[in-house]
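Chemist:
Residue numbers (my numbering): 12 to 324.
1. Residue 233 by DSSP, collapsed to three states: which one?
2. So that I know if they touch, is there some Cβ in chain C lying closer than 9 Å to that of residue 276?
3. To the nearest whole angstrom, what separates the beta carbons of residue 61 and residue 204, a pair I think is in contact under 8 Å?
4. My understanding is that residue 32 touches residue 101, with C-beta atoms under 8 Å, so please give their C-beta distance in whole angstroms.
5. Out of 207, 237, 263, which one is the CA nearest neighbour of residue 248?
6. Measure from the alpha carbon of residue 263 to the alpha carbon of each residue in 229, 198, 213, 214, then state which is nearest.
7. Opposite residue 70 in the DSSP bridges: which residues?
8. Evaluate the contact criterion for the segment 70-85 versus the segment 212-221: three or more CB pairs, one atom per stretch, below 8 Å.
9. Let's test the definition: count the other Cβ atoms within 10 Å of the Cβ of residue 116 and tell me whether it reaches 16, buried, or not, exposed.
10. State the start and end residues of the unbroken beta strand (DSSP E) segment that holds residue 178.
11. Might you give, ordered along the chain, the residues of its own chain that have their beta carbon closer than 8 Å to the beta carbon of residue 193, omitting 5 neighbours on each side?
12. Kindly indicate the opening and closing residues of the alpha helix (DSSP H) around residue 78.
13. Would you mind giving the Cβ-Cβ distance between residue 8 and residue 259, rounded to the nearest angstrom? I have them listed as a contact below 8 Å.
14. For residue 228, which beta-bridge partners are listed by DSSP?
15. Work out the CA separation of residue 105 and residue 29 for me, nearest whole Å.
16. Going by other Cβ atoms of all chains shown within 10 Å of its Cβ, with 16 needed for buried, is residue 23 buried or exposed?
17. Can you list, in chain order, the residues of its chain with a C-beta nearer than 7 Å to that of residue 39? Leave out the 5 residues immediately preceding and following it.
18. Taking its Cβ as the centre, do 16 or more other Cβ atoms sit within 10 Å of residue 279, making it buried, or is it exposed?
19. Quick one: give me the first and last residue of the beta strand (DSSP E) that residue 209 is part of.
20. Looking at the structure shown, is residue 117 part of a helix, part of a strand, or coil, going by DSSP?
21. In angstroms, rounded to a whole number, what distance separates the CA positions of residue 226 and residue 256?
22. Would you please state the rounded distance, in angstroms, between the beta carbons of residue 77 and residue 48? I believe it to be under 8 Å.
23. Nearest to residue 88 by CA position, among 176, 253, 219, is which residue?
24. Could you give the C-beta distance for residue 277 and residue 188, rounded to a whole number, given that I count them as a contact under 8 Å?
25. Label residue 82 either buried or exposed according to how many other C-beta atoms from any shown protein chain fall within 10 Å of its C-beta, with 16 as the threshold for buried.
26. Cutting at 7 Å between CB atoms, please list the residues of its own chain near residue 56, excluding the five before and the five after it.
27. Kindly indicate which residue of 111, 109, 54, 66 has the alpha-carbon position closest to the one of residue 229.
28. Counting along the chain, where does the alpha helix (DSSP H) carrying residue 54 start and finish?
29. Ignore the nearest five residues each way along the sequence and tell me which others in residue 18's own chain have a CB closer than 8 Å to its CB.
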């Protein structure tokens, strides 16, 4: 008979997980609290049996809070993926100190290596189109495109090597659309389900996005994400953000081709925006914005003060 770990026990165990030493604002690095992580994983396991004995991927793992929790709950294999070497170093140290087996990997989900087919393999498939002659024209071009898309879909489906994908992704505050990129990427990696946390204010948008691809999204819980003052531009000691814990089940046939196309379009748009306008890429940028806001507020305050003075006269 299996003895299930209680929610409070899991939360207490996760309190030993160290968080970011120097968080990076451009990556929207905010630590997942032990309470949130415990509620997240407890639901995934006890309501859907999606953790114990399963292959789990933690996308954007940070310092490993969710990865380590999944391992504690008995996942057969856990892989934590993140782009930040500093975070991964802390995550590996956390796993070692807590004596859990988690494989941490550095990768960027927005990179071509992670998210697109390789040109050499595409070219290989193109040769299979076997043109019937120089006058094939548009018909041959269409066949080449179809072959290319077929390869791409197979490559994406081959990536679905995890049973469950878990994540606390960026909310898309610094780079618009990053939350959706994470979610769609997770769906391409999962065979069973994806669990994720998103701002409650984006719920309707996410529901429409899921319906667009013929997927069922379930809001498992509405939680409070307590964000402490971590950056220079933070003026309050903490801010509480309402977040949804969501679950999207992956169909037995895998994600639809339209989802893969949609993800590629978002990635292309992200590259264009980064090249032209740029995402918020540093704490200094955010700090400058905070300083500019302060200057503007002081200016408005002086104007209002003068106005009140003129009224008294």
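Note that CB positions come from ideal geometry on N, CA and C, so glycine has one too.
For clarity, every value in this text was computed on a predicted model and none was experimentally measured.
Modeler: According to the data block:
1. Working through the chain shown from its first residue, we reach residue 233 at position 222. Of the three classes helix, strand and coil, the one that applies to residue 233 here is strand, per DSSP.
2. Note that chain C does not occur in the displayed structure, where there is just one protein chain.
3. Residue numbering aside, residue 61 sits at position 50 when the chain shown is read from its first letter. Residue numbering aside, residue 204 sits at position 193 when the chain shown is read from its first letter. Right, their Cβ atoms sit about 6 Å apart.
4. Your numbering for residue 32 matches position 21 in the chain shown. Your numbering for residue 101 matches position 90 in the chain shown. Going by Cβ atoms, the distance from residue 32 to residue 101 rounds to 7 Å, so yes, they are a contact pair.
5. Within the chain shown, the letter at position 237 stands for residue 248. Ranking the options by Cα distance to residue 248, first place goes to 237.
6. Counting from one through the chain shown, the residue named residue 263 turns up at place 252. Ranking the options by Cα distance to residue 263, first place goes to 198.
7. Against the chain shown, residue 70 aligns to sequence position 59. Beta-bridge pairing by DSSP links residue 70 to 92.
8. Contact between the segment 70-85 and the segment 212-221 is absent, because fewer than three Cβ pairs lie under 8 Å.
9. Taking the chain shown and counting its residues from 1, the one referred to as residue 116 is at position 105. Here residue 116 is exposed, its C-beta having fewer than 16 other C-beta atoms within 10 Å.
10. The residue given as residue 178 occupies position 167 in the chain shown. From DSSP, the beta strand (DSSP E) with residue 178 extends over 173-178.
11. Residue mapping note: residue 193 aligns to position 182 of the chain shown, counting from 1. Taking residue 193 as the centre and dropping the five residues before and after it, the same chain places the C-beta of 70, 71, 120, 178, 180, 181, 207 closer than 8 Å to its C-beta, in chain order.
12. Within the chain shown, the letter at position 67 stands for residue 78. DSSP places residue 78 inside the alpha helix (DSSP H), whose first and last residues are 76-83.
13. Past the boundaries of the shown model lies residue 8; the chain is included only from 12 to 324, so the question cannot be answered.
14. Position 217 of the chain shown, counted from the first residue, corresponds to residue 228. Checking the DSSP bridge columns, you'll see residue 228 partnered with 259.
15. For this step, residue 29 is matched to residue 18 along the chain shown. For this step, residue 105 is matched to residue 94 along the chain shown. So the alpha carbons of these two residues sit roughly 7 Å apart.
16. Indexing the chain shown from 1 puts residue 23 at position 12. That one is exposed.
17. On the chain shown, position 28 is the one that residue 39 refers to. The residues are 181, 182, 184, 185.
18. The sequence position of residue 279 within the chain shown is 268, counting from 1. The residue is exposed, with fewer than 16 neighbouring Cβ atoms inside 10 Å.
19. For the purposes of this step, residue 209 is identified with residue 198 of the chain shown, where counting begins at 1. Start and end: 201-210.
20. On the chain shown, residue 117 is found 106 positions in, with the first residue counted as 1. Of the three classes helix, strand and coil, the one that applies to residue 117 here is strand, per DSSP.
21. Along the chain shown, one-based indexing puts residue 226 at 215. Along the chain shown, one-based indexing puts residue 256 at 245. Cα-Cα distance, rounded: 16 Å.
22. As a position in the chain shown, residue 77 is number 66, starting the count at 1. As a position in the chain shown, residue 48 is number 37, starting the count at 1. With 8 Å as the limit, residue 77 and residue 48 qualify as a contact, their Cβ atoms being about 6 Å apart.
23. Residue numbering aside, residue 88 sits at position 77 when the chain shown is read from its first letter. Among 176, 253, 219, the Cα nearest to that of residue 88 belongs to 176.
24. Taking the chain shown and counting its residues from 1, the one referred to as residue 277 is at position 266. Taking the chain shown and counting its residues from 1, the one referred to as residue 188 is at position 177. So it is a contact: roughly 5 Å between Cβ atoms.
25. On the chain shown, position 71 is the one that residue 82 refers to. By the 10 Å Cβ count, residue 82 comes out buried.
26. As a working mapping, residue 56 is identified with position 45 in the chain shown. So the qualifying residues of the chain are 62, 63, 84.
27. The sequence position of residue 229 within the chain shown is 218, counting from 1. Of the candidates 111, 109, 54, 66, the one whose C-alpha sits nearest the C-alpha of residue 229 is 54.
28. Within the chain shown, the letter at position 43 stands for residue 54. Its alpha helix (DSSP H) spans residues 45-59.
29. Locating residue 18 in the chain shown gives position 7, counting from the first residue. If we look at residue 18 and ignore the five residues flanking it on each side, its Cβ neighbours are 49, 50, 53.
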